[in-house]
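Residue numbers (full-length UniProt numbering): 1 to 156.
The beta-carbon is built from N, C-alpha and C at its ideal position, and this holds for glycine as well.
Quick caveat: nothing in here was measured; it's all calculated off a predicted structure.
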């Protein structure tokens with residue numbers, strides 16, 4: 001398998017700069033466009049849900065702007081590109097792991113009884129894995145430029 005000459009090759013760019021922002025923006029817009037079910041929730045809960053959705057949407061925008069800039073302006077400075085992309089993907093990976101752990105923790109006794117999980121919970125967990133797994137593979141250096149492995153000083 002040939003190694004990419006980018007810390008953000010097309011597959012990772014598509015996942016983190018297109019797919020993830022679409023997910024986060026859709027989630028945010030969905031909370032605004034489907035308020036009928038939320039009317040039965042206490043006001044504080046509704047506000048919290050909208051604010052959480054807003055933060056998710058904002059993270060999607062941060063991905064777009066930061067990753068596009070790293071891709072466009074640092075394409076000839078691969079070590080720097082890797083550090084900038086890593087500075088974004090590292091806290092997001094930590095967030096993915098914590099999101100899964102905290103979700104399972106909050107479920108209490110139902111956490112391992114997956115037959116009782118609702119559709120939204122399944123979507124949350126499965127979509128979370130569609131971002132967690134590529135972030136792990138990025139950190140492992142799979143299919144991308146990695147300074148520690150690929151720099152000219154490290155080649156034999």
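Using the three-state DSSP reduction, which class does residue i fall into: helix, strand or coil?
i	result
residue 149	helix
residue 68	helix
residue 104	helix
residue 42	coil
residue 29	helix
Suppose the cutoff is 7 Å on Cβ atoms and the five residues either side in sequence are ignored; what does the same chain contact list for residue i look like?
i	result
residue 128	96, 99 and 100
residue 138	12, 89 and 144
What is the C-beta distance between residue i and residue j, in whole angstroms, given that I count them as a contact (C-beta under 8 Å)?
i	j	result
residue 136	residue 93	7 Å
residue 131	residue 20	6 Å
residue 53	residue 31	4 Å
residue 143	residue 11	6 Å
residue 17	residue 84	Going by Cβ atoms, the distance from residue 17 to residue 84 rounds to 13 Å, so no, they are not a contact pair.
How many angstroms separate the CA atom of residue i from the CA atom of residue j?
i	j	result
residue 15	residue 122	20 Å
residue 55	residue 150	36 Å
residue 5	residue 73	14 Å
residue 81	residue 58	22 Å
residue 91	residue 42	31 Å
residue 33	residue 147	44 Å
residue 8	residue 103	30 Å
residue 114	residue 62	33 Å
residue 1	residue 79	Since pLDDT at residue 1 reaches only 44, below the 50 mark, its modelled position is unreliable, and no value is offered.
residue 176	residue 27	A query on residue 176 cannot be resolved here, the shown segment of the chain reaching from 1 to 156 and no further.
residue 152	residue 134	26 Å
For residue i, which residues of its own chain have a beta-carbon under 6 Å away from its beta-carbon, when the five flanking residues on both sides are left out?
i	result
residue 117	none
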